[in-house]
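Asks: Could you have a look at this structure, given as structure tokens, before my questions?
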Amino acid sequence: MVAACWLTWVNFSVALPRSQWQQAIWSPDIDIIEQMIFHYSLLPRLAISLLVGAGLGLVGVLFQQVLRNPLAEPTTLGVATGAQLGITVTTLWTIPGALATQFAALTGACIVGALVFGVAWGKRLSPVTLILAGLVVSLYCGAINQLLVIFHHDQLQSMFLWSTGTLTQTDWSGVQRLWPQLLGGVMLTLLLLRPMTLMGLDDGVARNLGLALSLARLAALSLAIVLSALLVNAVGIIGFIGLFAPLLAKMLGARRLLARLMLAPLIGALILWLSDQIILWLTRVWMEVSTGSVTALIGA
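Numbering (our numbering), first residue to last: 274 to 573.
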């Protein structure tokens with residue numbers, strides 16, 4: 274956290290003299306380009322990094338708890354690549370509007386989720402079957418997406434950086450769309466707290482305690498899929514955080530599900546905040562790189 278705060282201070286100080294910060298935050302002068310960049314780019318970028326990092330940490334806990342697999346993350350079920358494919362198709366059709374791309378991401382994620390659930394339903398949504406089915410479907414979606422990019426390079430040129438994860442913002446609209454969606458996801462997660470706690474037990478024990486296991490898994494996974502699609506729509510695909518944040522939360526002593534649900538989003542927000550501030554510094558002294566690339570390197 275100290276490193277993230279220090280880097281943020283340095284990056285903000287370079288972008289705008291500290292004496293102008295208060296004015297730039299509350300009422301930026303439209304004639305001073307540095308204040309406009311500070312207010313409409315740097316501040317929303319900081320906010321979106323915290324929101325997306327927290328969302329990835331939350332989704333990671335959901336997947337790992339439901340699948341009982343510490344390696345499960347938002348990309349395990351192919352949801353991220355499904356959402357990306359949906360947005361790619363929408364871009365090709367040049368359908369305007371943020372709601373159109375959001376709907377496309379949700380549609381792609383839900384179709385992939387339905388395919389994976391359909392394959393695993395005969396096995397009572399077994400965690401192992403879900404993971405294997407998700408990996409296979411993810412490979413197919415990724416291949417189709419790459420083919421579309423190759424054959425429609427001119428139309429999808431802007432997708433290259435976005436597809437690897439970028440937090441670049443030009444206004445507050447992304448933050449304003451995402452925070453109520455994540456808040457709703459948190460509320461639904463709390464409603465599913467008891468069923469998900471029982472899901473951490475053996476299947477037979479959970480059923481004996483009165484849990485409709487398949488239905489509970491379907492509800493929790495559906496929530497995780499929708500949240501993943503919303504995050505992909507906001508910033509593209511960012512890996513590692515959904516995997517590492519829940520594991521680090523458990524290593525720090527958060528053994529109970531509720532504790533992990535509180536700690537993992539904080540860890541995810543901190544990781545993405547630090548990663549993005551490193552990127553801003555690198556962009557100034559070297560070259561621009563995508564946020565997803567940096568988080569992947571940190572994970573490696």
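Cβ atoms here follow ideal geometry from the backbone N, Cα and C, with glycine treated the same way.
All values derive from a computational prediction rather than experimental measurement.
Output yes or no for whether 7 angstroms exceeds the beta carbon distance between P317 and Q442.
Replies: In this structure, Q442 lies closer than 7 angstroms to P317 by Cβ.
Asks: For A542, count neighbouring Cβ atoms within 10 angstroms of its own Cβ and tell me buried if that reaches 16, exposed if not.
Replies: buried
Asks: Could you tell me if L570 is buried or exposed, where buried requires 16 or more neighbouring beta carbons within 10 angstroms of its beta carbon?
Replies: exposed
Asks: Taking only three categories from DSSP, how would you classify T437?
Replies: T437 sits in coil when the DSSP states are folded into three classes, being neither helix nor strand.
Asks: Roughly how many angstroms lie between the CA atoms of G355 and A479, to the nearest whole one?
Replies: 31 angstroms
Asks: Here's a check: name, in chain order, each residue in its chain whose Cβ is nearer than 6 angstroms to the Cβ of V392, leaving out the five neighbours to either side.
Replies: A406
Asks: Could you give the distance in angstroms between the alpha-carbon of M469 and the alpha-carbon of S322?
Replies: 27 angstroms
Asks: Considering only the alpha carbon of each residue, which of S411, K396, T363 and V362 lies closest to V385?
Replies: S411
Asks: Out of curiosity, what's the CA-to-CA distance linking R593 and A527?
Replies: Since the first residue shown for the chain is 274 and the last is 573, residue 593 is missing from the structure and cannot be characterised.
Asks: My guess is that A537 and G330 are in contact by the Cβ rule of under 8 angstroms, so how many angstroms apart are they, rounded?
Replies: 4 angstroms
Asks: When you compare the CB positions of Q308 and D302, do they come within less than 7 angstroms of one another, or not?
Replies: yes
Asks: When the Cα of V422 is compared with those of V567, T363 and L531, which residue comes out closest?
Replies: Closest in C-alpha terms to V422, from the list V567, T363 and L531, comes T363.
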